[in-house]
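In order, the protein sequence lines correspond to chains G and S.
The first sequence: position 22 = 195 (the numbering used here), numbered continuously.
The second sequence: position 9 = -3 (the numbering used here), numbered continuously.
Ideal Cβ placement from N, Cα and C applies to all residues, glycine included.
What you are looking at is a predicted structure, and each value in this text was computed from that prediction instead of being measured.
Comments concern the structure below.
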Amino acid sequence: DTEVTQTPKHLVMGMTNKKSLKCEQHMGHRAMYWYKQKAKKPPELMFVYSYEKLSINESVPSRFSPECPNSSLLNLHLHALQPEDSALYLCASSQEKFSAAFEAFFGQGTRLTVV
Amino acid sequence: QKEVEQDPGPLSVPEGAIVSLNCTYSNSAFQYFMWYRQYSRKGPELLMYTYSSGNKEDGRFTAQVDKSSKYISLFIRDSQPSDSATYLCATMGRGNNRLAFGKGNQVVVIP
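Here is the structure:
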């Protein structure tokens, strides 16, 4: 199983809503990532979790709140988003070892629209 | 200066042509160089990677790294319509676990 599963695939939310994006992998990977991708742009790193601990936060606004409940799951809690936050949100995972870190497997993403 | 530069212009080629894509990078300490393929409305998938300099071939795909000029390339031989996608180069950024992506090239292979 080399899949990273993200739910939901599509999400429309109002600026006052609270929602969560979910990501799951069963490859035994200990590093998990959230990326944001705007149309025709490359993915931009938001957060990195390593062994369920937040290791990188790329100065992401607090309206995005990541959570790693266990080694297989990664959540992204959303609150009071702005229309400019509309994007494809990608989850990825990789082995923790540096030499294998480049083998990042991506999910299909959640396409988020903030209205 | 961005870590990875990739001219994002779209590329249309007839079926069977050779596709040539390239990127430049800024940090001479980078060791791992990757090419990701992303189909429309999908997440990126790792296509090929190389470590340090040299060539790597996998079927119709060849990845090259020239560390002296900080240049990375991807060649697709005998291109197929199914190769139509966006191709993103990437390399290891500052520290572990950070992929630095180029802007991506949208490739369209016309039957």
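> Opposite H252/G in the DSSP bridges: which residues?
Replying inline: Against the first sequence, residue 252/G aligns to sequence position 79. Partner(s): K191/G.
> Tell me, which residues are paired with D46/S by DSSP?
Replying inline: The count along the second sequence starts at 1 and reaches residue 46/S at position 58. BP columns for D46/S point to F49/S.
>> Quick check: Y59/S and L9/S, are their CB atoms within less than 8 Å of each other?
In response: Within the second sequence, numbered from 1, the residue matching residue 59/S stands at position 71. Within the second sequence, numbered from 1, the residue matching residue 9/S stands at position 21. Pairing Y59/S with L9/S gives a Cβ-Cβ distance that is not under 8 Å.
> Starting from F63/S and walking both ways along the beta strand (DSSP E), at which residues does that stretch end?
Replying inline: Within the second sequence, numbered from 1, the residue matching residue 63/S stands at position 75. From DSSP, the beta strand (DSSP E) with F63/S extends over 59 to 64.
> Taking C-beta to C-beta, are M200/G and Y208/G nearer than 8 Å?
Replying inline: Taking the first residue of the first sequence as position 1, residue 200/G is located at position 27. Taking the first residue of the first sequence as position 1, residue 208/G is located at position 35. No, Cβ-Cβ distance for M200/G and Y208/G is not below 8 Å.
> Shorter than 8 Å from the beta carbon of K55/S to some beta carbon of chain G?
Replying inline: The residue labelled residue 55/S in the question sits at position 67 within the second sequence. For K55/S, the answer is no, since every Cβ of chain G falls outside 8 Å of its Cβ.
>> Taking contact to mean 3 or more Cβ pairs, one atom from each stretch, closer than 8 Å, check whether the region 221 to 232 of chain G and the region 175 to 191 of chain G are in contact.
In response: Cβ pair count under 8 Å is below three, so no.
> Apart from the five residues on each side of it in sequence, which residues of its chain come closer than 6 Å, Cβ to Cβ, to Q94/S?
Replying inline: If you number the second sequence from 1, residue 94/S lands on position 106. Excluding positions up to five away in sequence, the list reads P(-2), T74.
>> Please state the DSSP three-state secondary structure of P242/G.
In response: Taking the first residue of the first sequence as 1, we reach residue 242/G at position 69. Residue state, collapsed to three classes: strand.
> At a CB-CB cut-off below 8 Å, which residues of chain S make contact with E276/G?
Replying inline: Counted from its first residue, the first sequence places residue 276/G at position 103. Those within 8 Å of E276/G in chain S are L34, Y37.
>> Just to confirm before moving on: does the CB-CB distance between D71/S and I64/S stay below 8 Å?
In response: For the purposes of this step, residue 71/S is taken as residue 83 along the second sequence, with counting starting at 1. For the purposes of this step, residue 64/S is taken as residue 76 along the second sequence, with counting starting at 1. Cβ atoms of D71/S and I64/S: closer than 8 Å.
> What residues from chain S crowd round L263/G, counting only those whose CB sits closer than 9 Å?
Replying inline: In the first sequence, the residue the question calls residue 263/G occupies position 90. Going along chain S in sequence order, the residues near L263/G (Cβ under 9 Å) are G31, P32.
> Quick one: is H202/G buried, meaning 16 or more other Cβ sit within 10 Å of its Cβ, or exposed?
Replying inline: The count along the first sequence starts at 1 and reaches residue 202/G at position 29. Looking at its Cβ environment, which holds 16 or more other Cβ atoms inside 10 Å, H202/G is buried.
> Which same chain residues, not among the five before or five after M80/S, have their C-beta less than 6 Å away from its C-beta?
Replying inline: One-based indexing of the second sequence puts residue 80/S at position 92. The residues are F18, Y20.
> Taking the C-alpha atoms as reference points, what is the distance between E(-7)/S and P256/G?
Replying inline: To locate residue -7/S, count along the second sequence from 1; it is residue 5. To locate residue 256/G, count along the first sequence from 1; it is residue 83. Their Cα atoms are separated by approximately 28 Å.
> From the DSSP output, which residues share a beta bridge with V185/G?
Replying inline: For the purposes of this step, residue 185/G is identified with residue 12 of the first sequence, where counting begins at 1. Assignment of beta-bridge partners to V185/G by DSSP yields T286/G.
> At a CB-CB cut-off below 9 Å, which residues of chain G make contact with K101/S?
Replying inline: Since the first residue shown for chain S is -11 and the last is 99, residue 101/S is missing from the structure and cannot be characterised.
>> Can you check which of these residues, L194/G, P181/G, Q198/G, is closest to S267/G by C-alpha distance?
In response: Translated into positions along the first sequence, residue 267/G becomes position 94. Selected option, being the one with the closest Cα: Q198/G.
>> What residue range does the beta strand (DSSP E) around Q179/G cover?
In response: Locating residue 179/G in the first sequence gives position 6, where the first residue counts as 1. Segment 177 to 180, the beta strand (DSSP E) holding Q179/G.
> Is P69/S helix, strand or coil when you go by DSSP?
Replying inline: Taking the first residue of the second sequence as 1, we reach residue 69/S at position 81. Of the three classes helix, strand and coil, the one that applies to P69/S here is helix, per DSSP.
> Are V177/G and C264/G close, meaning C-beta to C-beta below 8 Å?
Replying inline: For the purposes of this step, residue 177/G is identified with residue 4 of the first sequence, where counting begins at 1. For the purposes of this step, residue 264/G is identified with residue 91 of the first sequence, where counting begins at 1. Result yes, Cβ atoms of V177/G and C264/G sit closer than 8 Å.
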